[in-house]
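Encoded as structure tokens, the structure appears first; notes follow it.
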Amino acid sequence: MAIEEIWKDVDLYFKTKLHAADPLLDAVLKANAEAGLPAIDVTPNQGKLLYLLAKIIGATAILEIGTLGGYSSIWLARALPDDGKLITLEYNKKHAEVAAANVKKAGLDKKIEIVVGPALETLPTLEKRGFRSFDLIFIDADRKNHPSYLKWALKLARPGTVIVADNVVRRGRILDESSADLEIQGVRRFIDLLSEETRIEATAVQTVSGKGYDGFVIGVVNG
Ligand SMILES: C[S@@+](CC[C@H](N)C(=O)[O-])C[C@H]1O[C@@H](n2cnc3c(N)ncnc32)[C@H](O)[C@@H]1O
-1 MAIEEIWKDV DLYFKTKLHA ADPLLDAVLK ANAEAGLPAI DVTPNQGKLL YLLAKIIGAT
59 AILEIGTLGG YSSIWLARAL PDDGKLITLE YNKKHAEVAA ANVKKAGLDK KIEIVVGPAL
119 ETLPTLEKRG FRSFDLIFID ADRKNHPSYL KWALKLARPG TVIVADNVVR RGRILDESSA
179 DLEIQGVRRF IDLLSEETRI EATAVQTVSG KGYDGFVIGV VNG
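If you read the sequence shown in this note's numbering, its first letter stands for residue -1, the second for the next number, and so on.
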């Protein structure tokens, strides 16, 4: 059996054993596929990890950069208390529309706000609106802008904020320092910034799943 098949089967084994049946999230993925969105959402096990992280830290305010169809937004928002809020940033209007419909279907439209526009233009508007202390920030948009997203995340964080950034391994291509791929270069600059930044302590976790070999960075903002 090919190793990728084993990754996929093990991922499914844990999902089947450890997740309750979830027709809503199944319907979200179906709606995304029917609308022609790329299947680049986090996996169910990664979604549950985000949910657990938000729950463990008692998050009440979450920022997500990169909505797609709202799959990870819904996982994260489910961990919020009644008065909790998740702001998610998406520049693609169609993705945002599909996400809005999914969020409504999930009954989370009071908790989730989708802000449409390029994140580097909408992040300053959040600062102007007074958001300065998100509890958890999930970076999952265009990797070439990972370094700028880290700078913004630090601006919109408080001591103790957890920052997660997805897709930092890319099947190991992260090691290619002469890569012509702007996404790889973006992630490499992001890792360099992290290594120099004293305001955050971070590590990276490599992952294998039904979506291949990748990984994420997780860090906490220092007090
Ligand atoms: C990997 S997908 C997000 C997946 C989502 N977090 C999930 O797991 O369900 C990345 C999303 O970021 C959006 N995106 C890419 N560049 C962006 C930018 N500059 N500003 C805002 N959104 C952007 C894409 O349109 C896409 O929908």
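Glycine is no exception: its CB is placed at the ideal position from the N, C-alpha and C atoms.
Bridge pairing for Gln204: Gly213 [DSSP]. For the 9 Å CB-CB criterion, Thr86 and Thr65 form a contact. Per DSSP, Thr14 lies in no beta strand (DSSP E); the unbroken alpha helix (DSSP H) holding it starts and ends at Ile1 to Leu16. Assigned with DSSP and collapsed to three states, Arg187 falls in helix. A Cβ-Cβ separation of about 6 Å places Leu154 in contact with Phe129 under the 8 Å criterion. The beta carbon of Tyr211 sits no closer than 8 Å to any heavy atom of ligand 1. For Asp24, the uninterrupted alpha helix (DSSP H) run begins and ends at Pro21 to Glu32, by DSSP. Going by DSSP, Val166 is part of no beta strand (DSSP E) at all; its letter is neither H nor E.
Under the three-state reduction of DSSP output, Thr123 falls in the helix class.
Distances taken from the Cβ of Glu199 to the heavy atoms of ligand 1 include none shorter than 8 Å.
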